[in-house]
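**Q**
Number of protein chains: 2
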Amino acid sequence: MPELPVVNQPPHRCGALLDHVTRRIRLRSESVLAPLGLRTRHLVALTVLRDLRGCSQQDLAKTLEMDSTNVVGLLNDLESANLIERRRSPEDRRRHIVELTDVGAKQLAKAEFALAAVEDEVLGALDKDQRETLYTLLYQATSRTEPAGCVDAAHLEEC
Amino acid sequence: MPELPVVNQPPHRCGALLDHVTRRIRLRSESVLAPLGLRTRHLVALTVLRDLRGCSQQDLAKTLEMDSTNVVGLLNDLESANLIERRRSPEDRRRHIVELTDVGAKQLAKAEFALAAVEDEVLGALDKDQRETLYTLLYQATSRTEPAGCVDAAHLEEC
DNA sequence: CAGATAGTTTGTGTAACGCAAACCATTGAT
DNA sequence: ATCAATGGTTTGCGTTACACAAACTATCTG
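These protein sequence lines map, in sequence, to chains W and V. Position 17 (the first sequence) corresponds to 17 in my numbering; numbering is contiguous. Position 37 (the second sequence) corresponds to 196 in my numbering; numbering is contiguous.
(1) In the DSSP assignment, the alpha helix (DSSP H) including Glu278 of chain V goes from what residue to what residue?
(2) For His96 of chain W, name the three-state secondary structure that DSSP assigns.
(3) I want to know whether the segment 258–272 of chain V touches the segment 115–127 of chain W - three or more CB-CB distances under 8 Å.
(4) Which runs of the alpha helix (DSSP H) fall wholly inside the segment 51–114 of chain W and span at least 4 residues, in chain order?
(5) Do Gly263 of chain V and Leu234 of chain V come within 9 Å of each other at the CB atom, strictly closer than that value?
(6) Can you list, in chain order, the residues of its chain with a C-beta nearer than 7 Å to that of Asp152 of chain W? Leave out the 5 residues immediately preceding and following it.
(7) Got a sec? Which residues, its chain only, sit under 8 Å from Leu211 of chain V by beta carbon, not counting five neighbours each side?
(8) Between Leu192 of chain V and Thr181 of chain V, is the Cβ-Cβ spacing less than 9 Å?
(9) Just mark Ser227 of chain V as buried or exposed, buried being the case when its beta carbon has 16 or more other beta carbons within 10 Å.
(10) Between the segment 125–145 of chain W and chain V, which residues of the former have CB atoms less than 9 Å from a CB of the latter, in chain order?
(11) Assuming Asp288 of chain V is part of the alpha helix (DSSP H), what are its boundary residues?
(12) Please decide whether Asn8 of chain W counts as near chain V, where near means a Cβ-Cβ distance under 9 Å.
(13) How would you call Gly174 of chain V, buried or exposed, if buried means at least 16 neighbouring beta carbons within 10 angstroms?
(14) Kindly give me the distance between the Cβ atoms of Ser56 of chain W and Ile97 of chain W, rounded to whole angstroms, as I take these residues to be in contact under 8 Å.
(15) Report yes or no: is there a C-beta of chain V within less than 9 Å of the C-beta of Ser31 of chain W?
(16) Taking 9 Å as the CB-CB cut-off, is Asp178 of chain V touching chain W?
(17) Would you mind working out which of V:Ala275, V:Ser239, V:Leu274 sits nearest Leu259 of chain V, comparing C-alpha positions?
(18) Could you check what DSSP says for Pro170 of chain V in three-state terms: helix, strand or coil?
(19) Just the Cα atoms here: how many angstroms apart are Asp77 of chain W and Gln130 of chain W?
(20) Among the candidates V:Val230, V:Arg253, V:Pro169, V:Glu189, whose CA atom is the shortest distance from the CA of Glu278 of chain V?
(21) Measure the CB-CB distance between His20 of chain W and Val207 of chain V and report whether it falls below 9 Å.
(22) In whole angstroms, what is the alpha-carbon distance linking Gln9 of chain W and Arg303 of chain V?
(23) Nearest-angstrom Cα distance between Thr142 of chain W and Thr301 of chain V?
(24) Quick check: the Cα distance between Tyr298 of chain V and Arg254 of chain V, rounded to an integer number of angstroms?
(25) Going by the beta-carbon positions, is the gap between Leu27 of chain W and Leu293 of chain V smaller than 9 Å?
(26) Comparing alpha-carbon positions, which option in V:Ala204, V:Pro249, V:Leu296 lies nearest Val231 of chain V?
(27) May I ask you to list, following chain order, the residues of the segment 83–114 of chain W that have a beta carbon less than 9 Å from some beta carbon of chain V?
(28) Sorted by chain position, which residues of the same chain lie with C-beta nearer than 8 Å to Arg247 of chain V's C-beta, five sequence neighbours on each side aside?
(29) Glu121 of chain W to Leu177 of chain V, Cα distance in whole Å?
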């Protein structure tokens with residue numbers, strides 16, 4: 001039985017690799033973010049909020065795929081650090097419109113600068129173009145194809 | 160002050176996006192993997208082991224960046240499911256050489272097939288080529304540039 | 001032989017959740 | 001006006017995936 005040809009190659013799934021590289025980055029990021037009073041979860045929320053530019057907490061919960069009760073706590077953190085603002089929606093005063101403050105935007109940018117070393121270390125095997133490609137792919141992947149973040153989503157019953 | 164030109168654009172950091180998309184995949188993967196008796200952490204370990212094709216538990220711990228005591232438990236799970244094998248290293252009988260079994264390789268492939276729907280859902284905004292690119296980038300990023308997995312690493316004092 | 005090293009077990013603590021229950025303010029339908 | 005549904009909040013409970021420390025065994029190396 002010499003040299004079996006490689007048959008039935010398993011499909012290339014990103015999940016495990018994503019998990020792996022994400023963990024490596026997260027471990028290092030924690031110590032970088034700590035001085036800024038942030039956890040990685042906060043970073044994710046801020047990033048999403050920057051993109052969405054104002055959404056209800058429900059929308060945010062849906063996007064983050066987090067339980068809404070936990071989103072409350074997350075936002076409490078961010079709000080008491082003045083990084084986000086909860087405004088009552090004028091159309092439906094039950095709703096909170098969550099938005100990045102200027103401070104929040106700056107802090108986020110600051111964090112992103114601070115994380116240079118982390119990504120240099122973990123993504124060291126990728127050159128600048130490749131990292132940019134990676135970013136673009138991830139960005140595209142996370143930019144809602146589906147339900148979309150806004151008002152009309154309220155009318156959909158099949159989530 | 161009309162139309163401020165966008166100045167001082169923050170750098171494109173992948174961390175948060177990685178966290179986000181990874182979470183989305185992980186949430187869904189859990190239910191797919193459960194019938195196979197696997198958790199996502201197991202998948203990551205199996206994936207790494209497939210690539211490394213035999214390494215000590217220390218090397219594995221270093222690669223996964225996990226505490227070695229927790230690696231023990233992880234491997235106990237996998238070993239009792241016959242997915243990996245711990246062989247004593249002949250050169251240094253303190254060491255365990257950890258390797259994927261045939262069963263393990265098959266189970267891993269099976270899991271990867273089963274995860275098709277998950278990736279279709281989460282990475283739906285990416286076409287086939289883009290997903291392959293993503294895979295390649297992640298694969299390259301996780302394939303050790305540094306200490307490298309092998310024998311001589313034992314001699315390095317500066318970790 | 002002595003001290004370091006690989007792995008294991010046990011035990012403790014923590015962070016990040018999910019989930020359920022009860023509550024308020026508000027809305028929208030009757 | 002009334003009443004059920006909705007968005008958000010708080011509290012509290014359980015789980016998982018860790019990190020970290022301590023103590024132990026087997027083995028290696030000087």
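We treat Cβ as the ideally placed atom computed from N, Cα and C, and that holds for glycine.
**A** Result, derived from the coordinates:
(1) In the DSSP annotation of this structure, the continuous segment of the alpha helix (DSSP H) that includes Glu278 of chain V starts and ends at 275–281.
(2) In the three-state reduction of the DSSP assignment, His96 of chain W falls in the strand class, which pools E and B.
(3) The segment 258–272 of chain V, when compared against the segment 115–127 of chain W, does not touch it at the 8 Å Cβ threshold.
(4) The alpha helix (DSSP H) runs lying completely inside the segment 51–114 of chain W and spanning 4 residues or more are 57–64, 68–80, 102–114, given in chain order.
(5) No.
(6) Bear in mind that the predicted position of Asp152 of chain W carries a pLDDT of just 36, short of 50, making it too unreliable to give a figure here.
(7) Sequence-distant partners of Leu211 of chain V (beyond 5 residues in either direction) whose C-beta falls short of 8 Å from its own C-beta, in its chain, are Asp218, Leu219, Thr222, Gly308.
(8) Cβ atoms of Leu192 of chain V and Thr181 of chain V: not closer than 9 Å.
(9) Under this definition Ser227 of chain V is an exposed residue.
(10) Taking 9 Å as the Cβ-Cβ cut-off, the segment 125–145 of chain W approaches chain V at Ala125, Leu126, Gln130, Arg131, Glu132, Thr133, Leu134, Tyr135, Thr136, Leu137, Leu138, Tyr139, Gln140, Ala141, Thr142, Ser143, Arg144, Thr145, given in chain order.
(11) Counted as a single uninterrupted DSSP element, the alpha helix (DSSP H) harbouring Asp288 of chain V occupies residues 287–301.
(12) Among the residues facing chain V, Asn8 of chain W is included, as its CB has a counterpart in that chain under 9 Å away.
(13) Looking at its Cβ environment, which holds 16 or more other Cβ atoms inside 10 Å, Gly174 of chain V is buried.
(14) Between the beta-carbon of Ser56 of chain W and that of Ile97 of chain W there is about 7 Å, and that keeps the pair under the 8 Å contact cut.
(15) Closer than 9 Å: no.
(16) So, interface residue.
(17) When each option's Cα is compared against that of Leu259 of chain V, the closest is V:Ser239.
(18) In the three-state reduction of the DSSP assignment, Pro170 of chain V falls in the coil class.
(19) Approximately 34 Å, taken between the alpha carbons.
(20) The option with the nearest alpha carbon to Glu278 of chain V is V:Glu189.
(21) In this structure, Val207 of chain V lies closer than 9 Å to His20 of chain W by Cβ.
(22) The straight-line gap from Cα to Cα measures roughly 23 Å.
(23) Those two C-alpha atoms are separated by around 21 Å.
(24) Rounded to whole angstroms, Tyr298 of chain V to Arg254 of chain V spans 27 Å at the Cα level.
(25) Taking 9 Å as the cut-off, the beta carbon of Leu27 of chain W is found no closer than this to the beta carbon of Leu293 of chain V.
(26) Residue V:Ala204 is the option with its Cα nearest to Val231 of chain V.
(27) Answer set for the segment 83–114 of chain W: Ala105, Leu108, Ala109, Lys110, Ala111, Glu112, Phe113.
(28) Take Arg247 of chain V, set aside five residues on each side of it, and the residues of its chain with a beta-carbon closer than 8 Å to its own are Arg254, His255, Ile256, in chain order.
(29) About 15 Å.
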